[in-house]
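Heads up: the structure comes next, in structure tokens.
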Amino acid sequence: MSPIYLTTPIYYVNDKPHIGHAYTSLATDVLARWHRLAGREVYFLTGTDEHGQKVEKAAQDAGEEPQAFTDRVSQAFRDLTHTMGFSNDGFIRTTEKRHYDACQALWKRLQERGQIYLGAYEGWYAVRDEAFYGPDELTERDGVKYAPSGAPVEWVREPSYFFKLSEWADKLLEYYEINPDFIAPASRRNEVISFIKSGLSDLSISRTSFRWGVPVPGDDAHVMYVWLDALTNYITAMGYPDEKAELWKFWPADVHFVGKDILRFHAIYWPAFLMAAELPPPKRVFAHGWWTNEGQKISKSLGNVIDPLALVEEFGLDPVRYFLLREVPFGQDGDFARGALVNRLNGELADVLGNLANRTLSLIQRNCEGKLPALSAPIEAEGALLTPLATITETVGKLLEVQQYHLALEEIFALVRGANGYITVQAPWALKKTDPVRMAAVLRHLHTALRAYATVLQPFMPGSMAALLDQLGVPEESRSLAALATPLPEGHALPAPSPLFRKVENAG
Ligand code: MSP
């Protein structure tokens, strides 16, 4: 099985982390954990994007030197990975020496292949997006011009190196054609294709009006355009330019996770740079949607930025992880509403999954002396409970392979609901006196089902599913997808159960 390489965008260190950052990394984390459970070798990379005018300006506003400023803010992003339970294997900062080396090596390679020329850039630039825009993309209000993202643009005129992007239009279109899954979701693919078809100009890839960036090799008056610098992180971390490095086997990336706002950079510029450098392009770029807050666009000026740390503090980590991936189809925009989170936590995690676990495990504790009952042959009543378990890893795996997290959770929870129906109908609590053998059989079937649910839910809710697997008596080494095929021995002692999820009041 080939190794899997998954990445998040590297985050600008102009401000503290918010829900958007947590969201992209969470999606990456769940897939990384899933592949590990499936026995794949995985590298999950995240990091911070520390150069460019926007970060330089934020440092100035804070009255700090850019390096000291980025050291401080970058730490907040490293802390976020711990708070959110991310399992990243690496964390890259673009101010590291290895990254300067990689950027300069890539530049030289592009130059050697005749892909870079010196000219002068004249046009519109949005510092907030660190992006160039054509005049026809802009709108004007009160004498100020704005990019489609809402960022104000300014007129820039300076000497600049250019990358011959215009030469790559056909090759890019061909790459999308041959690799129909390269851009996801499919609707975004059409957007990218029409952008290319409307005509690609060469891309300005250096700036001279500020200093906070990677110097252009051989011409110190220029620093590299921050997006060329930033995108290169994905190969820096794999050891580039040393293609014999141990991690190089992970390249090309399996999925670059990004928000829809930065798809153009990942689906057009990045593969074009790589093809021009004769390096393999990534296999897939998934662009997710944006969150609003109670129906409103999230913005610093509106003061409605959602702090992931505050959410985790209030609701606990796993309910937040579950909510973010359950509430909104991955790829679409979605709204963050406190009441919706509370409903998912109370109504699904606590009442459906938590309750099933609690009812089953308390009965085993009370009626079976806390010992796992023996396996017995299923009867017809068990069909709906047990049959889907045979294919649960396959079903969930297929959905995760295409990043349909909400559907994977829907499938699993439909089964958990079914299991609640089963326990209600079988009423094992009533069987103790009338048919203890049947009672033990029912409880063991429920245990089997719970183990399967907990196993496949681990990537989504690592902490609470580890607790559930502990309560189910599943040893650490038996928590992989493959281990599900091997039943636990009867008589295995189970610890006393305790509630998995804490309900919260639906007000606030
Ligand atoms: N530094 C660049 C990425 C370089 S990757 C080579 C960057 N950084 S960012 O910090 O501005 O944005 C990071 C991510 O946060 C993007 O994927 C963006 O889509 C996401 N989000 C920002 N606001 C968001 C929401 N309101 N909702 C969901 N995601 C959002 O861009």
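In this text, residue positions in the sequence shown follow numbering that gives the first Met the number 0: the first is 0, and each later residue adds one. Backbone N, C-alpha and C define an ideal beta-carbon position, used for all residues, glycine too.
Counting along the chain, the unbroken alpha helix (DSSP H) around Ile195 starts and ends at Ala185 to Lys196. Note on geometry: alpha-carbon atoms of Pro65 and Met83 lie some 27 angstroms from one another. Cβ-Cβ distances below 7 angstroms link Cys367 to Ala439 and Leu442 in the same chain, with the five nearest sequence neighbours on each side left out; the list follows chain order. Residue side-chain check: His20 places its Cβ nearer than 6 angstroms to a non-hydrogen atom of the ligand MSP.
For His255, the enclosing beta strand (DSSP E) has its first and last residue at Val254 to Gly258. Rounded to the nearest whole angstrom, the CA to CA distance from Tyr11 to Ala276 is 26 angstroms. In summary, Leu117 is exposed, with fewer than 16 beta-carbon neighbours lying within 10 Å of its beta-carbon over all protein chains present. In its chain, beyond the 5 residues on either side, Tyr120, Phe131, Ser159, Phe161 and Tyr224 have a beta carbon closer than 7 angstroms to the beta carbon of Ser203. In the DSSP assignment, Arg156 falls within the unbroken beta strand (DSSP E) covering Glu153 to Phe162. Under the three-pair Cβ rule at 8 angstroms, the segment 465-477 does not count as touching the segment 330-341.
Residue environment analysis places Asp219 among the exposed positions, since fewer than 16 neighbouring C-beta atoms fall within 10 angstroms of its C-beta.
Relative to the non-hydrogen atoms of the ligand MSP, the Cβ of Leu230 comes within a distance shorter than 6 angstroms of at least one. In this structure, Arg77 lies away from Thr235, with their beta-carbon atoms at least 7 angstroms apart. Counting C-beta atoms within 10 angstroms of its own C-beta, Glu139 has fewer than 16 neighbours from the protein chains shown and is therefore classed as exposed. Fully enclosed alpha helix (DSSP H) runs of no fewer than 4 residues occupy 65-82 of the segment 55-84, in order along the chain.
In the DSSP assignment, Phe285 falls within the unbroken beta strand (DSSP E) covering Val284 to His287. Beta-bridge partners of Ala119 (DSSP): Pro158. Distance from the Cα of Thr27 is smallest, within the candidate group Gly420, Gln403 and Ala453, for Gln403.
Under the DSSP definition of a beta bridge, Thr6 partners with Leu44 and His255. Under the Cβ criterion (8 angstroms, minimum of three pairs), the segment 305-324 does not count as touching the segment 249-265.
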